[in-house]
Each structure stands twice: as structure tokens, then as C-alpha cells.
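Sequential numbering of the sequence shown, starting at 1, is according to UniProt numbering. Since the structure comes first, as C-alpha cells, the remarks are kept for the end.
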Amino acid sequence: GYDDEAGDYIVREGDIIYERYKIAVRPGSKTPLLGKGSFGQVVYAFDLTENLGVAIKIIKNQKHFHEQARTEIELLRRFLLVPRLPRVPVPHSDYHRDTFLPCTEFVEQSNIVRLLDSFVHRNHQCLVFELLPLSLYDLLKFSKFKGFSLTLVRKLTRNILYNLASLRQSNVDVIHCDLKPENVMLIKHNEYRIKVIDFGSSCSSSHKPFSYIQSRFYRSPEVLLCRHYSYAIDMWSLGCIMVEMHTGSPLFNGKNEFEQMVKIAQMLGLPPSHMIASAGSKSKVKSMFRKVDGKWALKNPSDGYVVHNPRALSMAIRKPNSQESEQEYADMESLLGGMLALDPEERFSPEQALHHPFFS
């Protein structure tokens, strides 16, 4: 067969997919595999028509992941297509394919990964993307997880904010739902312009099919509480990423959802009482909140109740022996206060963040 027991396509170097894409080992690598996840795998291939390297996301042969991939394709078409361009089906025995007619002017100003092609190959939905050199996570790895200067953090954060602002435009309307260092790619090795990738869990503000979203370290309080969520969840993730870019370590590295909630509460305090009271029934952390003397408290699974340390954030963002000025740290802490507001209604929008003194 073509699949392994997990439903993943068995990738072989030299295979040619869709009579066009030759699976190969990326220069400097030992395997065609670029990445792997619950959805399937991403492999390096050489586009024999265009003579360039591409990344192909090969989705597992499972209905749920197939449907999720179709949603991702629809979302990516919003970035790549001028409204009302016809979809041209290309008949082929083993494939069903969407032909994209991208509007270059629209694409080039976009800081979203470009979807070049999509088709079904041997029951696997395939998405062909432009190849991008490395992720923020790779960059952190190169720094041996010591992190970057605030000057570089400022540049990268500003670029991601522009990105989030473009996703919120009414004609785009996309909540990413899985912002993390692995999903932010550099366009070129020595430049700090970025593109966001992996729209597999994304949704629009009016249609949210998933409740279990965001990678745990970057998961917002409203998602932990299984409440209504909005664009604001991406700003929470970016606040977490911003600190990690500087210090090299995740800001909230809980081993499970309970620990995640505890770490957030120790650093930032408890979510407002209306959020706790209206937590969804599926929330794992809901049971940790108790009323003590008429006030909400958070039970720590290990011992007692969680105590908020108001200086914790200030300490967490500083690196030992740092060359950064006190003013820069004060500005960063103030910006994070807005990006990591526990109440999504009070959290900064990308536009508000971009006007913050940290960027001036």
C-alpha cells in the first residue's frame, strides 16, 4: 500500500507526485521530511515545471484531516485570489485539482505563505507551498536558546503585528489559532521579514468549527476556559512569543492545561470573575476555580491556592547581564500588559500595539 498504519503517505525519495513534483532531500538535510504533525507531513520536493524547490504538505488519509485541509485551502485562497476569479478544474485520472490564478500585486504585499497548488494524490490531499528558509524556532535553536536582542525582537514583533492586522481585514477575516515560533517563517536568511504558515486550525470570526485550538504554551485564557474566542487569541500567542524571542524560553511552559492555568495566574493574576463564571462545560481547568470568602480562587493541583506575584512578569522578561536599557524593558512590560490582558475585550489589537512607545 501507499500508506503507513497511521494513515500517512509513505514518502520515498525520487517519487514523482502529480507528474511534476519530485520528492528529494533538501540541500543540507538528510531526509525529504521538513516537518510532521497530527495532520500528516511536510516534505521537500523539486518542481520540475518551474525548476524550484517547494514544500508539499501531504495530509493523512483520514476524513477529518482531509476536511480540515479543504478549509485551509479555502482560507489561503482568500489571500491569493482576486475576488470572483473562476476556479478552473483540470481533469486528470488520479487527481482533483484547483488551479490558482494568483494576482501577483496582491500576493507580493501579503506576508502569508503562498499556496502554489493543491490536488489529491492517492487519497491524500496535497498542498504545495513556496519554500521558506527557516522558522523563528530554528532561529532560537541557532541562538542555543539564549534569545535575541530587543532590537531584533522589536523588528520581528512589528512584522508579525502587520501580519495579524492584515488577517483581521473584513475581506480576509481569519483567526490563525496556532501562532507559535514554528509557524513564523523568515522569508530570507539574513532579513527579518516574515510569513505566517500553517492555517490548518484557522477559522473566521463568524465560523469557528474547533474548540480545541492553540498549542498549549501559547493558549489563551479564554480557550483554556472554553469560552467564546476571537482575533484576540492570536495577540495572546504573540505576547508569549515576544518574551520567548528575547529570553529563549517559553513564558508559560505548563506540562498540561492545569499547570498552564496556574503559571498564567501566578504571573498575571486570575481572569475576571465573569470569565470564570461562564467557563464552558468542556473546560478542563474550570474545576480548579473555587469560591473562597465570596471571591474566586485557583486551586493549585500541588498545594493550596495560587498567589499572584505582581513583579513576576517584570522579572520574567529580563535577561541576566542584559545590555538593554531600563526604559526599553519598561516599554516592553507595558506593551505586554496590553497583549497579555486576561480579558480578551481589553487586549490590544494589532493597531493599538503598533502605536505603543515600544515601537517608536
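Even glycine gets a Cβ: it sits at the ideal position worked out from N, Cα and C.
Proline 181 is positioned such that its CB atom lies closer than 8 Å to that of leucine 136. Under DSSP, cysteine 240 takes part in no beta bridge, so it has no partner. The C-alpha of tyrosine 21 is placed about 5 Å away from the C-alpha of phenylalanine 46. Secondary structure in the segment 6–30: no alpha helix (DSSP H) run of 4 residues or longer lies completely within the stretch. With respect to the C-alpha of phenylalanine 119, the residue from Thr157, Ile112 and Arg70 having the closest C-alpha is Arg70. Around the beta carbon of phenylalanine 358, 16 or more other beta carbons sit within 10 angstroms, so the residue counts as buried. Taking each of Leu224, Arg311, Ser237 and Leu238 in turn and checking the Cα distance to lysine 282, the smallest one comes out for Leu224. Here DSSP, grouped into helix, strand and coil, assigns alanine 279 to coil. With the rule of 3 Cβ pairs closer than 8 Å, the segment 285–305 does not count as touching the segment 237–248.
In this structure, isoleucine 175 sits away from methionine 185, with a CB-CB distance that is not shorter than 8 Å.
When secondary structure is reduced to three states using DSSP, arginine 216 falls in the helix class.
The beta-carbon separation of methionine 267 and alanine 316, rounded to 7 Å, stays under the 8 Å limit for a contact. Shown here, glycine 254 sits in coil according to DSSP, grouped into three states, outside any helix or strand. Between the alpha carbons of alanine 353 and glycine 40 lies a distance of about 35 Å. With a contact defined as Cβ atoms closer than 8 Å, glutamine 125 and histidine 66 qualify at about 5 Å. Proximity of the segment 49–63 to the segment 17–32 meets the contact definition, three or more beta-carbon pairs being nearer than 8 Å. Taking a contact to require three or more Cβ pairs closer than 8 Å, the segment 230–243 and the segment 268–282 do not qualify as touching. Check the Cα spacing between arginine 78 and each of Tyr9, Ala6, Leu131 and Ser166: the tightest is with Ser166.
In this structure histidine 274 is exposed. Its beta-carbon is surrounded by fewer than 16 other beta-carbon atoms within 10 angstroms.
Secondary structure in the segment 140–191: the beta strand (DSSP E) runs of 3 residues or longer, each lying completely within the stretch, are 184–186 in chain order. The C-alpha of valine 292 is placed about 44 Å away from the C-alpha of lysine 144. Glutamine 327: not part of any beta strand (DSSP E); member of the alpha helix (DSSP H) spanning 326–339, first to last residue.
Boundaries of the beta strand (DSSP E) around glutamate 130: 124–130. Residue state for arginine 290 is assigned as strand, using DSSP reduced to three classes. For asparagine 111, the CB contacts under 6 Å within the same chain, skipping 5 residues up- and downstream, are Asn163 and Lys195 in chain order. In this structure, DSSP gives glutamine 352 a helical state, which the three-state scheme calls helix. Taking all protein chains in view, the Cβ of isoleucine 213 is crowded by 16 or more other Cβ atoms within 10 Å, so the residue is classified as buried. Non-local beta-carbon contacts of arginine 227 in its own chain, meaning distances under 7 Å to residues more than five positions away in sequence, involve Met275, Ser278, Ala279 and Gly280 in chain order.
In the structure shown, valine 262 falls within a helical segment according to DSSP collapsed to helix, strand and coil. Excluding residues up to 5 positions away in sequence, Leu179 and Tyr218 lie with their Cβ nearer than 6 Å to the Cβ of serine 237 in the same chain. Assigned with DSSP and collapsed to three states, isoleucine 59 falls in strand. As computed with DSSP, alanine 45 is found in a beta bridge with Ile23 and Val54. Residues Thr71, Glu72, Leu75, Val174, Ile175, His176, Cys177 and Asp178 of the same chain have their beta carbon placed closer than 8 Å to that of serine 202, with the five preceding and five following residues left out of the count. Taking the C-beta atoms as reference points, methionine 235 is found no nearer than 8 Å to methionine 332.
Beta bridge pairing from DSSP links lysine 295 with Val292. In this structure proline 350 is not in contact with glutamate 222, their Cβ atoms being roughly 18 Å apart against a cut-off of 8 Å.
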